[in-house]
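Notes follow the structure.
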Amino acid sequence: MSNFDESDAFDAAVPLSARAAAVRPAPYLDDLNPAQREAVETLDGPVLMLAGAGTGKTKALTSRIAHLMVTGRARPNEILAVTFTNKAAREMKERVGRVLGQTVEGMPWLGTFHAICVKLLRRHAELVGLKSNFTILDTDDQIRLLKQLIVAENIDEKRWPARQLAGLIDGWKNRAWTPEKVPAAEAAAFDQRGTELYDYYQQRLRTLNAVDFGDLLLHVVTIFQTRPDLLEQYQKRFKYILVDEYQDTNVAQYMWLRLLAQGHRNICCVGDDDQSIYGWRGAEVGNILRFEKDFEGAHVVRLEQNYRSTPHILAAASGVIGANEGRLGKTLWTAEQKGEKLRLIGHWDGEEEARWIGEEIEALQRGARGMRVLSLDDMAILVRASHQMRAFEDRFLTIGLPYRVIGGPRFYERLEIRDAMAYFRLATSPDDDLAFERIVNTPKRGLGDKARQKIQIAAREAGVTLVDGARLLLSEKGLSGKGGAELRSLVDGIGRWSDEARRPDHNHIELAERILEESGYTAHWQNDKTPEAPGRLENLKELIKALEQFENLQGFLEHVALIMDNETEEHGAKVTIMTLHGAKGLEFPAVFLPGWEDGLFPSQRSMDESGTSGLEEERRLAYVGITRAEELCTVSFAANRRVYGQWQSALPSRFIDELPEAHVEVLTPPGLYGGSYGAAGMAASASPSIMANQASELHEKASRADVYSSPGWRRMQARGAARPVSQPSEARNMVIDMQAVSAYGAGDRVFHKKFGYGTVLATEGDKLHIEFDKAGSKKVVAKFVVEAERAGDVPF
Numbered sequence: 001m002s003n004f005d006e007s008d009a010f011d012a013a014v015p016l017s018a019r020a021a022a023v024r025p026a027p028y029l030d031d032l033n034p035a036q037r038e039a040v041e042t043l044d045g046p047v048l049m050l051a052g053a054g055t056g057k058t059k060a061l062t063s064r065i066a067h068l069m070v071t072g073r074a075r076p077n078e079i080l081a082v083t084f085t086n087k088a089a090r091e092m093k094e095r096v097g098r099v100l101g102q103t104v105e106g107m108p109w110l111g112t113f114h115a116i117c118v119k120l121l122r123r124h125a126e127l128v129g130l131k132s133n134f135t136i137l138d139t140d141d142q143i144r145l146l147k148q149l150i151v152a153e154n155i156d157e158k159r160w161p162a163r164q165l166a167g168l169i170d171g172w173k174n175r176a177w178t179p180e181k182v183p184a185a186e187a188a189a190f191d192q193r194g195t196e197l198y199d200y201y202q203q204r205l206r207t208l209n210a211v212d213f214g215d216l217l218l219h220v221v222t223i224f225q226t227r228p229d230l231l232e233q234y235q236k237r238f239k240y241i242l243v244d245e246y247q248d249t250n251v252a253q254y255m256w257l258r259l260l261a262q263g264h265r266n267i268c269c270v271g272d273d274d275q276s277i278y279g280w281r282g283a284e285v286g287n288i289l290r291f292e293k294d295f296e297g298a299h300v301v302r303l304e305q306n307y308r309s310t311p312h313i314l315a316a317a318s319g320v321i322g323a324n325e326g327r328l329g330k331t332l333w334t335a336e337q338k339g340e341k342l343r344l345i346g347h348w349d350g351e352e353e354a355r356w357i358g359e360e361i362e363a364l365q366r367g368a369r370g371m372r373v374l375s376l377d378d379m380a381i382l383v384r385a386s387h388q389m390r391a392f393e394d395r396f397l398t399i400g401l402p403y404r405v406i407g408g409p410r411f412y413e414r415l416e417i418r419d420a421m422a423y424f425r426l427a428t429s430p431d432d433d434l435a436f437e438r439i440v441n442t443p444k445r446g447l448g449d450k451a452r453q454k455i456q457i458a459a460r461e462a463g464v465t466l467v468d469g470a471r472l473l474l475s476e477k478g479l480s481g482k483g484g485a486e487l488r489s490l491v492d493g494i495g496r497w498s499d500e501a502r503r504p505d506h507n508h509i510e511l512a513e514r515i516l517e518e519s520g521y522t523a524h525w526q527n528d529k530t531p532e533a534p535g536r537l538e539n540l541k542e543l544i545k546a547l548e549q550f551e552n553l554q555g556f557l558e559h560v561a562l563i564m565d566n567e568t569e570e571h572g573a574k575v576t577i578m579t580l581h582g583a584k585g586l587e588f589p590a591v592f593l594p595g596w597e598d599g600l601f602p603s604q605r606s607m608d609e610s611g612t613s614g615l616e617e618e619r620r621l622a623y624v625g626i627t628r629a630e631e632l633c634t635v636s637f638a639a640n641r642r643v644y645g646q647w648q649s650a651l652p653s654r655f656i657d658e659l660p661e662a663h664v665e666v667l668t669p670p671g672l673y674g675g676s677y678g679a680a681g682m683a684a685s686a687s688p689s690i691m692a693n694q695a696s697e698l699h700e701k702a703s704r705a706d707v708y709s710s711p712g713w714r715r716m717q718a719r720g721a722a723r724p725v726s727q728p729s730e731a732r733n734m735v736i737d738m739q740a741v742s743a744y745g746a747g748d749r750v751f752h753k754k755f756g757y758g759t760v761l762a763t764e765g766d767k768l769h770i771e772f773d774k775a776g777s778k779k780v781v782a783k784f785v786v787e788a789e790r791a792g793d794v795p796f
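For the sequence shown, UniProt numbering begins at 1 and goes up steadily by one.
In structure tokens form, the structure reads like this:
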């Protein structure tokens, strides 16, 4: 009796069971709308399920898998279902189980691209020179291996960092290029050595019996291309192929799917070309746009009924995305009532924007906007760039509003911010040994463990601080060479910065910028070629910007220490702050979309590097942002933002003028932009004096809730933590000339070039206690303010 081979069953017809299964009841079909049902029941041939945001594509996809099994079209092990995340794979399996009313067993080919390819590669590893027990390297191991290769080839790793090479190789693997397939135009990368190092790297991986994540797809594609007999076996095995988020596939994933689908041709891809936002990591929107050409006779089903958002929100999103040329086209609609229009508001600057959004969040908590009462968990702030988060974090910490940052650490916990703050701490207090330990070799100064141990010993034996211990060590010539020279430069700098910080008339903002430049810390990130470096530089600029609200470095450092100490890990509701990229797939009743300004959103870098395609991807990102909102969506922008240490007028995003007016409510008080919200309207009000006068009108007309009576402020008072942001150490550190007679009195309106307009509350010699309209309560020297009526003449 011959043994049964699983491959014998690949083409086994099961007409009787299929016929019997076809007449069984299928209650899961009753819950589908007509388009979803069409997508589920169209089982033969290639199908593209073009699913807009919130249209129930996961429901349709899982119902289709269940339908394949219920009707006997395929057994669980004959279905290949591919997702992009493990979470999505688990959810799909659970949903299929709920549809079938039982636990789904025997679906070995439901998972992520990488998980399925690991399974395939372990079966056929020898075909690419590996053993089946190969190791998968993580990013750190990959970087370490590339560093070894770079050093071995006598390449300057500072000029040509390993992370840059890793990104280059990963991009090539995403496009399914082995070393010999890299085009000549790309081969010149990495100092003409890119493909050579790529080849060495692959050889080294084989010696180690290891792969990186890019190899998982690349090796399987290579196996299928070079072994048609093996490819044919898998083409027969997988009777039906289903792919989620098809718009996010890269070239290697696309080639892998096409090779497998050439067998039965029963491939169903689910995706939304309008939500393709990951081009920067290899995703090719063209994969979904040319689906009908790639798979002849494909049937396209458009899922357009939205179950998430109101008609106004959908119409606003459609208006923006409609400006894109590279799209298949669909129109979202909903059976829900109209609800709230998309709200649009302009602000004087980024701090005013954060303040207003904080007040709106607390108003929505109270149900004060004519809506139902919302929890903090119901609200999200979605930013284009992570450096925008700082203004919101500062504001929410000050008023005690609980929040969570998704996709990264909070602003003051980021590595680059902690490093910079350590430098500032040494300028105000050279005795701070912890700060010195953090930055003594950051950036690299050639001070290894032995050198740092010598500093510790010198300081301990002399009973002095580490800074003084370093000076003693240098005076006794206990450290020479490059490390010694770099250490001398650092301790001299600390002494110089400390002397300046003690001068009462010093400019602490200029001092902070100089500290980061003279220490080499800014240059460290400017020379870094990793993808994270630009974001870190933006965060450092945001840190400098945060100093504007304080009289000196010490006041700022104390403020940060206090607010971070007051922030406890409370359980309960919190506002979500995250990037637009991270928000894809999520939904919230109320969404705030700040920073809609040209250059920020759309990103200038995306437009410069990718031209029209970059602009269209930015527009898709705007579409994703708007469609995260279920009930209320608010877009905001600011007239001024600090760029490279200088205030600059900001033009409202071009996407704003693409919003359909009938579905937008403008909240901006009259006067800020002369009634127009596009670039043309901004041109008339771009001069500083005009903008200052318009700001005065805005501040006089805009009604504000008193921050110190807000729910957040009361929460902080209840914890005994509430105190005005300007009070920590500024009052103690200010030298007051009590003999001076101020020209201003209580109630006078004044203007300060940093803090804007305010009202004098009290005078104390030549110091004024002022309640600023948008910067809170502060004490400033009288000579730094002018009468409000003369503000238009103040040079910016």
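Every residue, glycine too, gets a C-beta built ideally from N, C-alpha and C.
This structure is a prediction, so every number in the text was calculated from the model and none was measured.
Straight-line gap, GLY271 to ARG73 (C-alpha atoms, nearest Å): Locating residue 271 in the sequence shown gives position 271, where the first residue counts as 1. Locating residue 73 in the sequence shown gives position 73, where the first residue counts as 1. Each residue's Cα considered, the two are about 23 angstroms apart.
Take PHE784 and list the residues in its own chain whose beta-carbon comes closer than 8 angstroms to its own, dropping the five residues that flank it on each side. By 1-based counting over the sequence shown, the position of residue 784 is 784. Within the same chain, PHE784 has close Cβ partners HIS752, LYS753.
Only counting runs of 3 or more residues, tell me where the beta strand (DSSP E) segments fall wholly within the segment 277 to 323, in order along the chain. 299 to 303
Among the residues of its own chain, which have a CB less than 7 angstroms from the CB of ILE65, if the five just before and after it don't count? For the purposes of this step, residue 65 is taken as the residue at position 65 of the sequence shown. Once the five neighbours on either side are set aside, the close Cβ partners of ILE65 are ILE79, ALA81, VAL96, LEU242.
Could you say if the segment 375 to 387 and the segment 476 to 485 meet the contact criterion of at least three C-beta pairs nearer than 8 angstroms? no
Closest by C-alpha distance to PRO311, when choosing among LEU651, LEU632, LYS774: Position 311 of the sequence shown, counted from the start, is the residue given in the question as residue 311. Comparing Cα positions, the closest option is LEU632.
Of the listed residues TYR254, GLN148, ASP248, CYS268, nearest to LEU68 (C-alpha basis): Reading the sequence shown from its first residue, position 68 is the one you call residue 68. LEU68 has its Cα closest to that of CYS268, out of TYR254, GLN148, ASP248, CYS268.
Please confirm whether LEU364 and ALA583 have their CB atoms less than 8 angstroms apart. One-based indexing of the sequence shown puts residue 364 at position 364. One-based indexing of the sequence shown puts residue 583 at position 583. No; because the gap between Cβ atoms is not below 8 angstroms, this pair is not in contact.
Using a Cβ-Cβ cutoff of less than 7 angstroms, which residues in the same chain neighbour ASP608 once the five nearest sequence positions on both sides are dropped? Against the sequence shown, residue 608 aligns to sequence position 608. Within the same chain, ASP608 has no close Cβ partners at all.
Can you check DSSP and say which residues form a bridge with CYS268? On the sequence shown, position 268 is the one that residue 268 refers to. Per DSSP, VAL47, LEU242.
Measure the Cβ-Cβ separation of ALA51 and VAL320 and say whether it is below 8 angstroms. Sequence index remark: in the sequence shown, residue 51 carries index 51 (1-based). Sequence index remark: in the sequence shown, residue 320 carries index 320 (1-based). No; because the gap between Cβ atoms is not below 8 angstroms, this pair is not in contact.
Just the C-alpha distance for ASP598 and THR627, rounded to the nearest angstrom, thanks. Here residue 598 is taken as the residue at index 598 of the sequence shown, counted from 1. Here residue 627 is taken as the residue at index 627 of the sequence shown, counted from 1. Spanning the two alpha carbons is a distance of roughly 21 angstroms.
Determine the extent of the alpha helix (DSSP H) in which GLU500 is found, giving its start and end residues. Residue mapping note: residue 500 aligns to position 500 of the sequence shown, counting from 1. It spans 481 to 502 - the alpha helix (DSSP H) in which GLU500 sits, taken as one unbroken run.
Apart from the five residues on each side of it in sequence, which residues of its chain come closer than 6 angstroms, Cβ to Cβ, to VAL47? Along the sequence shown, read from residue 1 onward, the residue named residue 47 stands at position 47. Here the set comprises CYS268, HIS299.
Can you name, in chain order, every residue of its own chain whose Cβ lies under 8 angstroms from the Cβ of GLN247, other than the five neighbours on each side? In the sequence shown, counting from the first residue as 1, residue 247 sits at position 247. If we look at GLN247 and ignore the five residues flanking it on each side, its Cβ neighbours are GLY271, ASP272, ASP273, GLN275, SER276, ALA283, VAL285, ASN287, ILE288.
Neighbourhood of ILE439 by C-beta distance below 7 angstroms, restricted to the same chain and skipping five residues each side: Position 439 of the sequence shown, counting from 1, holds the residue named residue 439. Cβ within range, chain order: ASP419, ALA422, TYR423.
Span of the alpha helix (DSSP H) around TRP109: The residue you call residue 109 lines up with position 109 of the sequence shown. First-last for TRP109: undefined, no H or E at that position.
Taking just the CA atoms, how far does TYR278 sit from GLN203? Taking the sequence shown and counting its residues from 1, one reaches residue 203 at position 203. Taking the sequence shown and counting its residues from 1, one reaches residue 278 at position 278. Rounded to the nearest angstrom, the two C-alpha atoms are 30 angstroms apart.
Could you compute how far the alpha carbon of LEU374 sits from the alpha carbon of GLY367? Start at 1 with the first residue of the sequence shown, and residue 374 comes out as number 374. Start at 1 with the first residue of the sequence shown, and residue 367 comes out as number 367. One C-alpha to the other measures close to 7 angstroms.
Expressed to the nearest angstrom, what Euclidean distance is found between the alpha-carbon atoms of ARG390 and PHE396? Translated into the one-based positions of the sequence shown, residue 390 becomes position 390. Translated into the one-based positions of the sequence shown, residue 396 becomes position 396. Their Cα atoms are separated by approximately 10 angstroms.
Please identify the residue among PRO76, TRP172, GLY111, ARG122 whose C-alpha is closest to the C-alpha of ALA89. Position 89 of the sequence shown holds residue 89. Nearest of PRO76, TRP172, GLY111, ARG122 to ALA89, Cα basis: GLY111.
Within 8 angstroms, strictly: CB atoms of VAL211 and LEU217: Here the question's residue 211 lines up with position 211 in the sequence shown. Here the question's residue 217 lines up with position 217 in the sequence shown. No, these two residues do not count as a Cβ contact at 8 angstroms.
Would you call the CB atoms of GLU630 and ARG281 closer than 8 angstroms? As a first step, residue 630 is located in the sequence shown; it is residue number 630 there, counting from the start. As a first step, residue 281 is located in the sequence shown; it is residue number 281 there, counting from the start. Not closer than 8 angstroms, so no.
By alpha-carbon positions, which one of GLU532, LYS767, VAL750, GLY765 ends up nearest to THR759? What you label residue 759 is simply residue 759 of the sequence shown in a count that begins at 1. Among GLU532, LYS767, VAL750, GLY765, the Cα nearest to that of THR759 belongs to VAL750.
Just to confirm, are VAL221 and TYR198 a CB contact at a threshold of 8 angstroms? As a first step, residue 221 is located in the sequence shown; it is residue number 221 there, counting from the start. As a first step, residue 198 is located in the sequence shown; it is residue number 198 there, counting from the start. Cβ distance not < 8 angstroms, so VAL221 and TYR198 don't count as in contact.
Could you give the DSSP three-state label for TRP177: helix, strand or coil? In the sequence shown, counting from the first residue as 1, residue 177 sits at position 177. The answer is coil: DSSP assigns TRP177 none of H, G, I, E or B.
Run the CB neighbour count on PRO409, radius 10 Å, all protein chains shown included, and call it buried at 16 or more, exposed below. Within the sequence shown, numbered from 1, the residue matching residue 409 stands at position 409. The residue is exposed, with fewer than 16 neighbouring Cβ atoms inside 10 Å.
Which of helix, strand or coil DSSP assigns to SER375: Within the sequence shown, the letter at position 375 stands for residue 375. It is coil, neither helix nor strand.
My output table needs one value for GLN262: the three-state DSSP class, helix, strand or coil. Here the question's residue 262 lines up with position 262 in the sequence shown. GLN262 falls in the coil class under three-state DSSP.
Nearest to ALA662 by alpha carbon, out of LYS147, LEU344, GLN253? Here the question's residue 662 lines up with position 662 in the sequence shown. Out of LYS147, LEU344, GLN253, LEU344 has the C-alpha closest to the C-alpha of ALA662.
Check whether the Cβ atoms of ASN174 and VAL251 sit closer than 8 angstroms, and answer yes or no. Translated into positions along the sequence shown, residue 174 becomes position 174. Translated into positions along the sequence shown, residue 251 becomes position 251. In contact: ASN174 and VAL251 (Cβ atoms closer than 8 angstroms).
Residue nearest to ILE136 in terms of C-alpha spacing, selected from GLY214, LEU165, LEU146, GLU658: Position 136 of the sequence shown, counting from 1, holds the residue named residue 136. Closest option to ILE136, Cα to Cα, is GLY214.
Give me the Cβ distance between ASN77 and PRO108, rounded to the nearest whole Å; I'm assuming they're in contact under 8 angstroms. Counting from one through the sequence shown, the residue named residue 77 turns up at place 77. Counting from one through the sequence shown, the residue named residue 108 turns up at place 108. ASN77 to PRO108, Cβ: 6 angstroms. Contact.
To which residues does DSSP link ARG749 through a beta bridge? Mapped onto the sequence shown, residue 749 falls at position 749. Paired residue(s): THR759.
Beta carbon of PRO402 nearer than 8 angstroms to that of LYS574: Translated into the one-based positions of the sequence shown, residue 402 becomes position 402. Translated into the one-based positions of the sequence shown, residue 574 becomes position 574. Cβ distance < 8 angstroms, so PRO402 and LYS574 count as in contact.
With distances taken between CB atoms, is the gap from LEU761 to TYR744 smaller than 8 angstroms? Translated into the one-based positions of the sequence shown, residue 761 becomes position 761. Translated into the one-based positions of the sequence shown, residue 744 becomes position 744. For LEU761 and TYR744, no; Cβs fall outside 8 angstroms.
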